[in-house]
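For reference, the structure discussed in these notes is given below.
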Amino acid sequence: ETGVTQSPTHLIKTRGQQVTLRCSSQSGHNTVSWYQQALGQGPQFIFQYYREEENGRGNFPPRFSGLQFPNYSSELNVNALELDDSALYLCASSQVGVNTEAFFGQGTRLTVV
Amino acid sequence: AQSVAQPEDQVNVAEGNPLTVKCTYSVSGNPYLFWYVQYPNRGLQFLLKYITGDNLVKGSYGFEAEFNKSQTSFHLKKPSALVSDSALYFCAVRDMWGGSQGNLIFGKGTKLSVKP
Numbered sequence: 001e002t003g004v005t006q007s008p009t010h011l012i013k014t015r016g017q018q019v020t021l022r023c024s025s026q027s028g029h030n031t032v033s034w035y036q037q038a039l040g041q042g043p044q045f046i047f048q049y050y051r052e053e054e055n056g057r058g059n060f061p062p063r064f065s066g067l068q069f070p071n072y073s074s075e076l077n078v079n080a081l082e083l084d085d086s087a088l089y090l091c092a093s094s095q096v097g098v099n100t101e102a103f104f105g106q107g108t109r110l111t112v113v
Numbered sequence: 114a115q116s117v118a119q120p121e122d123q124v125n126v127a128e129g130n131p132l133t134v135k136c137t138y139s140v141s142g143n144p145y146l147f148w149y150v151q152y153p154n155r156g157l158q159f160l161l162k163y164i165t166g167d168n169l170v171k172g173s174y175g176f177e178a179e180f181n182k183s184q185t186s187f188h189l190k191k192p193s194a195l196v197s198d199s200a201l202y203f204c205a206v207r208d209m210w211g212g213s214q215g216n217l218i219f220g221k222g223t224k225l226s227v228k229p
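Line by line, the protein sequences give chains A and B.
Start counting the first sequence at 1; every next residue gets the next number (our numbering).
Start counting the second sequence at 114; every next residue gets the next number (our numbering).
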């Protein structure tokens, strides 16, 4: 196990609703990233937080937003849910630096109906 | 733009045989390459990385990967496959130009099936 925990593990929401996913980083890690993994695809980068500030963003609309807290835990918020938002959402924590590996949580499976 | 490609959707091998899962990359500058494995309904587990140095990188669970700059490849290998190696394997490259502290760009994944 990586020490990165995500909650909840599964979630069903209705189109148009809002959702908050949570992630607890591995001890000692100061960077958290969120990825969306659609069925049959590789993970796609949503955004990254470092020292409680967004530090890079992938090709996702503003209704995807996040927070990082002083204890390095993090939230992913998605507003106005769409059917295509159904996916596995993965949180990854790491030390800052390009040569460090990221450690992933088990993911939150979001289904939008 | 930086990218990785995994040309095989699925690889089938017999237990005890060597396995190779292929990955090619396209980057500007030096590549930072990673392999991850994903078991059903689980997150990704780190296997190994290439940053610099020896072209043969050893990782977890007996896996290794060979970095080949001239062929822009980073193939994952294991000398003797186990049934328990059956999973989804992802190759990834660090995005050095995306403005973050280097997020990962993943391939589409290769499903490895090891039969007894």
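Where is the CB? At the ideal position from N, CA and C, for every residue including glycine.
query	result
Backbone CA spacing between A:R57 and A:A102 [nearest angstrom]	16 Å
Under the three-state DSSP convention, the category A:Y72 falls into	coil
C-alpha distance - A:Q68 paired with B:S186, whole-angstrom precision	36 Å
B:T165 classed as buried or exposed, judged by whether at least 16 other C-beta atoms fall within 10 angstroms	exposed
Sequence-distant residues of its chain with Cβ nearer than 8 Å to B:Y138 (five each side left out)	Q115, S116, V117, A118, P144, L146, T185, S186, F187, C204, V206
Contact between the stretch 121-129 of chain B and the stretch 168-182 of chain B (3+ Cβ pairs under 8 Å)	no
Nearest-angstrom Cα separation, counted from A:G107 out to A:Y49	18 Å
Near-chain B residues of the stretch 95-111 of chain A (beta-carbon distance less than 9 Å), N- to C-terminal order	V96, G97, V98, N99, T100, E101, A102, F103, F104, G105, Q106, G107, R109
7 Å Cβ cut-off: residues of chain B touching A:G42	F203, F219, G220, K221, G222
Presumed contact (8 Å Cβ cut-off) between B:V196 and B:F180, rounded CB distance	Their Cβ separation, rounded to whole angstroms, is 28 Å, which puts B:V196 and B:F180 out of contact at 8 Å.
For A:P43 and A:T90, believed in contact at Cβ under 8 Å, the rounded distance	Rather than Thr, the amino acid found at residue 90 of chain A in this sequence is Leu. A:L90 to A:P43, Cβ: 6 Å. Contact.
Chain-ordered chain A contacts of B:K162 [CB-CB under 7 Å]	E101
Where the stretch 23-34 of chain A meets chain D: residues whose CB sits under 8 Å from a CB there	Of the protein chains in this structure, namely A and B, none is chain D.
C-beta neighbour in chain A for B:G156, strict 9 Å	yes
B:L157 versus A:L88: straight-line alpha-carbon distance, rounded	11 Å
Cα-Cα separation between A:H29 and A:T14, rounded to whole angstroms	34 Å
Given B:L189 as reference, the closest of B:N130, B:W148, B:G142 once Cα atoms are compared	B:W148
Inter-residue Cα distance where the pair is B:I218 and A:R63	22 Å
Neighbour list for B:F159 in chain A, Cβ cutoff strictly below 7 Å	E101, F103
Chain B contact residues for A:L83, given Cβ-Cβ distances below 9 Å	Under the 9 Å cutoff, chain B gives no residues; its nearest Cβ is about 21 Å from A:L83.
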